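Student:
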Ligand code: SAH
């Protein structure tokens with residue numbers, strides 16, 4: 428047994444049917460490199476080790492869990508790494524990999540940012556997160572919950588909301604409902620604009636989401652007058668393609 432630690436977001440899933448369903452949702456035909464984030468006591472790991480021919484790595488921050496897992500899976504060939512998945516400058520993401528996990532909810536956004544930094548290598552992710560966050564990631568333009576991660580993830584990934592999970596199947600139960608989502612790399616190989624600027628624009632626009640883009644992006648406009656009607660809009664009105672167009676326009680303005 429591992430004693431659940433609140434500060435590490437430890438809520439252990441206790442329902443094997445749900446665990447099996449989560450593991451079944453990852454498509455190991457896409458790649459054999461599988462990384463599990465936050466295995467805890469290994470309820471997902473137990474099903475993952477049954478998949479033939481995969482190369483499985485576990486990244487777990489908690490030393491007590493790591494000791495427990497090393498013992499529990501000592502008969503299996505798998506890498507158990509004790510580390511913080513979101514630590515800057517450290518990267519456990521390997522070439523063409525799949526990521527799975529019941530993520531620690533307190534850092535789920537940072538996990539997705541890390542995945543985006545490595546989008547060339549992350550083909551698919553199946554993750555359990557807070558239901559509300561799952562809805563936000565999937566949210567379309569025009570919606571109150573459409574935000575930075577919705578745009579950035581939707582630019583590169585197709586997002587499937589798979590199913591909702593109740594509090595009662597965890598020990599200890601979290602205060603919120605959970606959901607399992609699957610994000611799969613889309614066909615957009617390049618977003619056809621300055622990618623670094625694209626990330627900056629999306630973040631800057633949503634950091635002042637009530638303002639028009641003309642106002643929230645003032646710094647980038649360097650005092651230049653912009654007539655295109657897109658600048659009179661608010662970020663939540665823009666689709667991914669609109670943000671790409673906006674980035675292209677800003678790149679031209681900056682170069683003038
Ligand atoms: N997968 C398990 C545990 C989920 S709880 C289950 O379904 O029961 C989340 C897990 O993520 C915990 O084991 C916690 O220790 C781990 N964790 C928390 N922060 C982490 C981080 N920064 N990097 C890696 N693992 C982390």
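In my numbering, the protein residues as written are 428 to 683. Note that beta-carbon positions come from the ideal geometry of N, C-alpha and C, so glycine has one too. Computed from a prediction, not measured in an experiment: that's the story for all the values here.
#1: Tell me the rounded alpha-carbon separation between residue 649 and residue 573.
#2: What's the gap between the Cα of residue 586 and the Cα of residue 620?
#3: For the putative contact between residue 526 and residue 552, defined by C-beta atoms under 8 Å, what is the C-beta separation to the nearest angstrom?
#4: Looking only at C-alpha atoms, which of 671, 460 and 442 sits nearest to residue 550?
#5: Measure the alpha-carbon distance for residue 661 versus residue 431 and round it to whole angstroms.
#6: Is the beta carbon of residue 472 closer than 9 Å to that of residue 496?
#7: For a quick check, are the C-beta atoms of residue 455 and residue 486 less than 9 Å apart?
#8: Which residues mark the beginning and the end of the beta strand (DSSP E) in which residue 588 is found?
#9: Who are the Cβ neighbours of residue 635 in its own chain at under 8 Å, not counting the five residues just before and after it?
#10: Going along the chain, which unbroken runs of the beta strand (DSSP E) with 3 or more residues stay wholly within the stretch 533–574?
#11: Can you check which of these residues, 666, 602 and 451, is closest to residue 565 by C-alpha distance?
#12: Leaving out the 5 sequence neighbours to the left and right, which residues in its chain are closer than 6 Å to residue 556 when beta-carbon positions are compared?
#13: Secondary structure at residue 578, three-state DSSP: helix, strand or coil?
#14: What are the boundary residues of the alpha helix (DSSP H) that includes residue 499?
#15: Residue 676 by DSSP, collapsed to three states: which one?
#16: Could you name the residues that DSSP lists as bridge partners for residue 461?
#17: Can you check which of these residues, 513, 516, 474 and 483, is closest to residue 504 by C-alpha distance?
#18: Give the range of the beta strand (DSSP E) segment to which residue 664 is assigned.
#19: Please indicate yes or no: does the CB of residue 471 lie closer than 8 Å to some heavy atom of ligand 1?
#20: At which residues does the alpha helix (DSSP H) containing residue 517 begin and terminate?
#21: Are there 16 or more other CB atoms within 10 angstroms of the CB of residue 519, so buried, or fewer, so exposed?
#22: Indicate whether residue 446 and residue 464 have their beta-carbon atoms separated by less than 9 Å.
Tutor: Taking the coordinates as given:
#1: Position 222 of the chain shown, counted from the first residue, corresponds to residue 649. Position 146 of the chain shown, counted from the first residue, corresponds to residue 573. Between residue 649 and residue 573, the C-alpha separation is close to 27 Å.
#2: By one-based count along the chain shown, residue 586 stands at place 159. By one-based count along the chain shown, residue 620 stands at place 193. Taking the straight line from one Cα to the other gives about 22 Å.
#3: Here residue 526 refers to the residue found at position 99 of the chain shown. Here residue 552 refers to the residue found at position 125 of the chain shown. Yes, they are in contact, since the Cβ atoms of residue 526 and residue 552 sit about 4 Å apart, within 8 Å.
#4: Position 123 of the chain shown holds residue 550. Among 671, 460 and 442, the Cα nearest to that of residue 550 is on 460.
#5: To locate residue 661, count along the chain shown from 1; it is residue 234. To locate residue 431, count along the chain shown from 1; it is residue 4. Roughly 43 Å separates the two Cα atoms.
#6: Along the chain shown, one-based indexing puts residue 496 at 69. Along the chain shown, one-based indexing puts residue 472 at 45. At the C-beta level, residue 496 and residue 472 come within 9 Å of one another.
#7: Taking the first residue of the chain shown as 1, we reach residue 455 at position 28. Taking the first residue of the chain shown as 1, we reach residue 486 at position 59. Not in contact: residue 455 and residue 486 (Cβ atoms no closer than 9 Å).
#8: For this step, residue 588 is matched to residue 161 along the chain shown. 584–592 is the span of the beta strand (DSSP E), which, as asked, contains residue 588.
#9: Stepping through the chain shown from its first residue, residue 635 is reached at position 208. Within the same chain, 642 and 643 come within 8 Å of residue 635 by CB-CB distance, once the 5 residues on both sides are set aside.
#10: Contiguous beta strand (DSSP E) elements confined to the stretch 533–574 occur at 549–557, taking only those with 3 or more residues.
#11: For the purposes of this step, residue 565 is taken as residue 138 along the chain shown, with counting starting at 1. Nearest Cα to residue 565 within the set 666, 602 and 451: 666.
#12: The count along the chain shown starts at 1 and reaches residue 556 at position 129. Only residues of its own chain outside the window of five on either side were considered, and among them 530 and 535 have a CB closer than 6 Å to the CB of residue 556, listed in chain order.
#13: By 1-based counting over the chain shown, the position of residue 578 is 151. Here residue 578 sits in helix by DSSP.
#14: For the purposes of this step, residue 499 is taken as the residue at position 72 of the chain shown. Start and end: 490–499.
#15: Position 249 of the chain shown, counting from 1, holds the residue named residue 676. Residue 676: helix per DSSP, three-state reduction.
#16: Against the chain shown, residue 461 aligns to sequence position 34. Answer by DSSP bridge pairing, in chain order: 483 and 525.
#17: Residue numbering aside, residue 504 sits at position 77 when the chain shown is read from its first letter. That would be 483, whose Cα lies nearest to the Cα of residue 504.
#18: Taking the chain shown and counting its residues from 1, the one referred to as residue 664 is at position 237. Residue 664 -> no beta strand (DSSP E), and no H or E assigned at all.
#19: As a first step, residue 471 must be located in the chain shown, where it is residue number 44. For ligand 1, at least one heavy atom lies less than 8 Å from the Cβ of residue 471.
#20: Here the question's residue 517 lines up with position 90 in the chain shown. Counted as a single uninterrupted DSSP element, the stretch harbouring residue 517 is not any alpha helix (DSSP H), since DSSP gives it neither H nor E.
#21: Numbered from 1 along the chain shown, position 92 holds the residue referred to as residue 519. By the neighbour-count rule (16 or more Cβ atoms within 10 Å), residue 519 is buried.
#22: Within the chain shown, numbered from 1, the residue matching residue 446 stands at position 19. Within the chain shown, numbered from 1, the residue matching residue 464 stands at position 37. Cβ atoms of residue 446 and residue 464: not closer than 9 Å.
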